[in-house]
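Trainee:
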Amino acid sequence: QMPLQRYHWTVLPQGMKNSPTICQWYVAKVISPICLQFPQVLIYHYMDDLLIAASDSKEMENALRAILEVIQKVRLCVSAEKVQKIVPWRYLGWKIRTQTVKPQQLTLQTQIKNLHDVQKVLGSINWLRPLLGVSNSDLSPLFELLKGDTDITGPRSLTPAAKNALEKVTRAIESRQAHHWHHALDLFFIILWDDVKPSGLLFQWDLSLQDPLMILEWIFLSHQSSKTILSQPEMFAHLIMKARERALTLTGSQITTIYAPLTDAYFVWLMQISLPFQVAIQGYSGQLSNHPPPHKLFHLSFSLAERPKRSLQPLDAVTFFTDGSGWTQKSVIVWKQWNSDVTLCSGSPQLVELAAVVRVFQNYTETPFNLVTDSAYVARRVTRTEATALKEVSKVQLFDLLQALVGLLNSRQSVFFVMHIRSHSDLPGFLAEGNRQADLLTLPVITLPDHVAQAKLSHLFSHQNAKGLKRQFELSMQQASKIIASCPDCRCTIISMGAEGVNPCGLHSLELWQTDVTHIPEFGIFKYSSIDTFSGALFSSCHKGEK
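Numbering-wise, UniProt numbering puts 523 at position 523 of the sequence shown, and it's gapless, one number per residue.
Structural data, given as structure tokens:
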């Protein structure tokens, strides 16, 4: 019952001239003895506002009288007109009646001129929405106005969708309300479907009323989650955890029954593989059911979710291999006898391969298949995308691909299997070969080099001889000689080839050495005379033999 010893502001109170912390501390110190004196009386203290409630009116009057006396002793005063004893009680912006709670008269600002105005409107709505049930999809057009220029004075204007959203909120303020918690009734929580994300409702069920549904508080997920893809089990788990926490905060007790839109098979499957769902119901001693009480609200928004179409085991069906290259921008699909589908797609290798996966789901909507990808990123995205809420990301191409994949998976009726394989493993078998075939199709087309053209360019710079060109560029001798003959610098120094039987042997580039042996008997044992021509000079030498 004792007020908090410390008080923390999350929003600066505009126009307040005293210290909030000192005010909270001082009033708490003054009324603490009264809280101990009347333990059966609820005394809620928030700054200088006090809410006093008791099951007996006489006990409540005694507690009120004691509080007024102790406040006057410390020279504080309470105006008589501010003491509310009859219905409705107005407390912290709420109008409290005997059984219901609704906001006081609130006019939302519709003249939006800048970012500051948008933030003020959304701040007022966020304060009301847990009791009025204004969903994320209802407020989505208003959230869009927060994007863009971050300057607080940046210009903003209401779009037609944003005006419709404000009208929905205004109607909710006028027509909707929440109820008091009744300590004698059980507390229930139900998960309901919204357009994109599920939401939850804490309620009680009173059969003595004409409408037995007693709404205590709505539970919503964040508009923008920390993850790009939030899976369905994760959304259910977050709602259950928030509901259990709010139940303890509001009533100090556990939820009696949680109504989740899960078939029995889906629930058993989640208990086996989903860690977030296991954590959410850890230590929960109540019941889990998929049969909510009969009410028109539940009839419209409570529909059982089926187990995901993604199989955990390979299927006896066609297998598709996907691959992508950011360098060549080729997005490849390979299947059966290495049939292929290759398209061009710009972006990173992950985006290019994700585009191939989207094409598989687009082209084979009613066919069960196995999908094999060598991208761990793509494999994780596909396994998490079915029945998910997608966070809007700044990369337009990535967001478009993920959005298309979410739509295809949500509308799909046939099962599929997804697996990741390591590329370039050189292992035997069908999977490695299929991945190798897809990888080959992502490579660029290789053009064989023109050796003759390369030899011409090299000779123009270095002026190699024919043998040098033949050895360096793998040409024939005839091709090399033609290149030298076509060179304007080298063709004037070429000596015409000798008659048949002469073996020219140049020692250096552009030089020709020609030799022959003549027999001269008059020289005796040195009758073998070798006559050489070397660069136009004549040289003769005598030898004992021809070698």
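The beta-carbon is built from N, C-alpha and C at its ideal position, and this holds for glycine as well. Computed from a prediction, not measured in an experiment: that's the story for all the values here.
(1) Applying the criterion that 16 or more other CB atoms from any shown protein chain within 10 Å of the CB defines a buried residue, is Leu158 buried or exposed?
(2) Of all the options Leu216, Ile43 and Asp48, which has the alpha carbon lying nearest to the alpha carbon of Ala54?
(3) Quick one: what's Glu217 bridged to in DSSP?
(4) Using beta-carbon positions only, say whether Leu216 and Trp181 come within less than 7 Å of one another.
(5) Please list the terminal residues of the continuous alpha helix (DSSP H) segment that includes Asp426.
(6) Residues in its own chain within less than 6 Å of Leu409 by CB, not counting five upstream and five downstream?
(7) Where does the unbroken alpha helix (DSSP H) through Val358 begin, and where does it stop?
(8) Out of Val360, Ala280 and Thr365, which has the shortest C-alpha to C-alpha gap to Ser411?
(9) Using three-state DSSP, classify residue 563 as helix, strand or coil.
(10) Ala160: which of Asn126, Trp269, Thr110 and Tyr528 sits nearest, CA to CA?
(11) What residues match up with Gly324 in a beta bridge as DSSP calls it?
(12) Which of helix, strand or coil does DSSP assign to Lys470?
(13) Tell me whether the beta-carbon of Val334 lies closer than 7 Å to the beta-carbon of Ser340.
(14) Helix or strand or just coil, what does DSSP make of Arg90?
(15) Taking only runs that begin and end inside the stretch 265-346, name each unbroken alpha helix (DSSP H) of 4 or more residues, in chain order.
(16) Tell me, which residues are paired with Ala178 by DSSP?
(17) Output the distance between the C-alpha atoms of Thr388 and Asn363, rounded to the nearest integer angstrom.
(18) Grouping DSSP H, G and I as helix and E and B as strand, with all else coil, what is Thr263?
(19) Starting from His420, trace the beta strand (DSSP E) in both directions and tell me its first and last residue.
(20) With DSSP as the reference, please indicate the residues paired to Asp49 in a beta bridge.
(21) Does the beta-carbon of Val502 have 16 or more other beta-carbons within 10 angstroms, so that it is buried, or is it exposed?
(22) Between which two residues does the alpha helix (DSSP H) holding residue 552 run?
(23) Using the rule of at least 16 other Cβ atoms within 10 Å of the residue's Cβ for burial, across every protein chain shown, is Asn435 buried or exposed?
(24) What residue from Val393, Leu76, Thr249 and Ala260 has the CA that sits closest to Ile240's CA?
(25) Could you check the C-alpha separation between Ser414 and Val360 for me, to the nearest Å?
(26) Determine the DSSP secondary structure at Val372, reduced to helix, strand or coil.
(27) Just to confirm my understanding: we take Arg97, look at its own chain, exclude 5 residues before and 5 after, and list those with CB closer than 7 Å. What are they?
(28) Sorted by chain position, which residues of the same chain lie with C-beta nearer than 7 Å to Tyr377's C-beta, five sequence neighbours on each side aside?
(29) What's the C-alpha gap between residue 548 and Leu405?
(30) What residues in its chain sit with their C-beta under 7 Å from that of Gln224, if we drop five residues either side in the sequence?
(31) Helix or strand or just coil, what does DSSP make of His543?
(32) Check this for me: beta carbons of Ala438 and Pro368, under 7 Å apart or not?
(33) Closest by CA to Glu175, which one among Leu131, Pro294, Asp186 and Ile190?
(34) Could you please give me the residues that DSSP links to His519 through a beta bridge?
(35) Thr153 to Val393, Cα distance in whole Å?
(36) What are the complete beta strand (DSSP E) segments, minimum 3 residues, inside the stretch 125-193?
Mentor: The relevant details are as follows:
(1) Taking the sequence shown and counting its residues from 1, the one referred to as residue 158 is at position 158. Classification of Leu158: buried, given that the 10 Å Cβ count is 16 or more.
(2) Taking the sequence shown and counting its residues from 1, the one referred to as residue 54 is at position 54. When only C-alpha atoms are compared, the closest one is Ile43.
(3) For the purposes of this step, residue 217 is taken as residue 217 along the sequence shown, with counting starting at 1. Paired residue(s): Leu202.
(4) The count along the sequence shown starts at 1 and reaches residue 216 at position 216. The count along the sequence shown starts at 1 and reaches residue 181 at position 181. Taking 7 Å as the Cβ cut-off, Leu216 and Trp181 qualify as a contacting pair.
(5) For the purposes of this step, residue 426 is taken as residue 426 along the sequence shown, with counting starting at 1. Element bounds for Asp426: n/a, residue is neither H nor E.
(6) Along the sequence shown, read from residue 1 onward, the residue named residue 409 stands at position 409. So the list reads Thr385 and Glu386, once near-sequence residues are dropped.
(7) Start at 1 with the first residue of the sequence shown, and residue 358 comes out as number 358. Taken as a continuous stretch (DSSP letters only), the alpha helix (DSSP H) holding Val358 covers Pro349 to Asn363.
(8) The residue you call residue 411 lines up with position 411 of the sequence shown. Of Val360, Ala280 and Thr365, the residue nearest in Cα terms is Thr365.
(9) A query on residue 563 cannot be resolved here, the shown segment of the chain reaching from 1 to 547 and no further.
(10) In the sequence shown, the residue the question calls residue 160 occupies position 160. In the sequence under discussion, the amino acid at residue 160 is Pro, which differs from the Ala named in the question. Ranking the options by Cα distance to Pro160, first place goes to Thr110.
(11) For the purposes of this step, residue 324 is taken as the residue at position 324 of the sequence shown. Partner(s): Ser331.
(12) Residue 470 sits at position 470 when you count from the first residue of the sequence shown. Looking at Lys470 - three-state DSSP - the assignment turns out to be helix.
(13) On the sequence shown, position 334 is the one that residue 334 refers to. On the sequence shown, position 340 is the one that residue 340 refers to. A contact, by the Cβ cut-off of 7 Å.
(14) For the purposes of this step, residue 90 is identified with residue 90 of the sequence shown, where counting begins at 1. Reduced to three states, the DSSP call for Arg90 is strand.
(15) 275-280 and 296-301, all fully within the stretch 265-346.
(16) Here residue 178 refers to the residue found at position 178 of the sequence shown. Answer is Val101, bridged to Ala178.
(17) The residue you call residue 388 lines up with position 388 of the sequence shown. The residue you call residue 363 lines up with position 363 of the sequence shown. So the alpha carbons of these two residues sit roughly 22 Å apart.
(18) The count along the sequence shown starts at 1 and reaches residue 263 at position 263. In the structure shown, Thr263 sits in coil (DSSP, three-state: anything other than H, G, I, E or B).
(19) Stepping through the sequence shown from its first residue, residue 420 is reached at position 420. Element bounds for His420: Phe416 to His420.
(20) Mapped onto the sequence shown, residue 49 falls at position 49. Partner(s): Tyr46.
(21) For the purposes of this step, residue 502 is taken as residue 502 along the sequence shown, with counting starting at 1. Only weak support exists for where Val502 lies, its pLDDT of 46 falling under 50; the coordinates are left without a value.
(22) Nothing about residue 552 can be read from this structure; the chain reaches only from 1 to 547.
(23) Reading the sequence shown from its first residue, position 435 is the one you call residue 435. Its Cβ being crowded by 16 or more others within 10 Å, Asn435 is buried.
(24) Indexing the sequence shown from 1 puts residue 240 at position 240. That would be Ala260, whose Cα lies nearest to the Cα of Ile240.
(25) As a first step, residue 414 must be located in the sequence shown, where it is residue number 414. As a first step, residue 360 must be located in the sequence shown, where it is residue number 360. Approximately 13 Å, taken between the alpha carbons.
(26) Position 372 of the sequence shown, counted from the first residue, corresponds to residue 372. Three-state result, Val372: strand.
(27) Within the sequence shown, residue 97 is the residue found at index 97, counting from 1. For Arg97, where only same-chain residues beyond five positions count, the Cβ hits under 7 Å are Val87 and Pro88.
(28) Within the sequence shown, the letter at position 377 stands for residue 377. For Tyr377, the CB contacts under 7 Å within the same chain, skipping 5 residues up- and downstream, are Gln350 in chain order.
(29) With the chain running from 1 to 547 in the structure shown, residue 548 is simply not present.
(30) Residue numbering aside, residue 224 sits at position 224 when the sequence shown is read from its first letter. Within the same chain, Gln224 has close Cβ partners Lys391.
(31) Along the sequence shown, one-based indexing puts residue 543 at 543. His543 falls in the strand class under three-state DSSP.
(32) Position 438 of the sequence shown, counted from the start, is the residue given in the question as residue 438. Position 368 of the sequence shown, counted from the start, is the residue given in the question as residue 368. No. Outside cutoff.
(33) Locating residue 175 in the sequence shown gives position 175, counting from the first residue. The amino acid occupying residue 175 in the given sequence is Ser; Glu does not appear at that position. Of the listed residues, the one whose Cα sits closest to Ser175 is Leu131.
(34) Residue mapping note: residue 519 aligns to position 519 of the sequence shown, counting from 1. Answer is Tyr528, bridged to His519.
(35) The residue you call residue 153 lines up with position 153 of the sequence shown. The residue you call residue 393 lines up with position 393 of the sequence shown. Distance between the alpha carbons of Thr153 and Val393: 25 Å.
(36) Correct list: 188-192.
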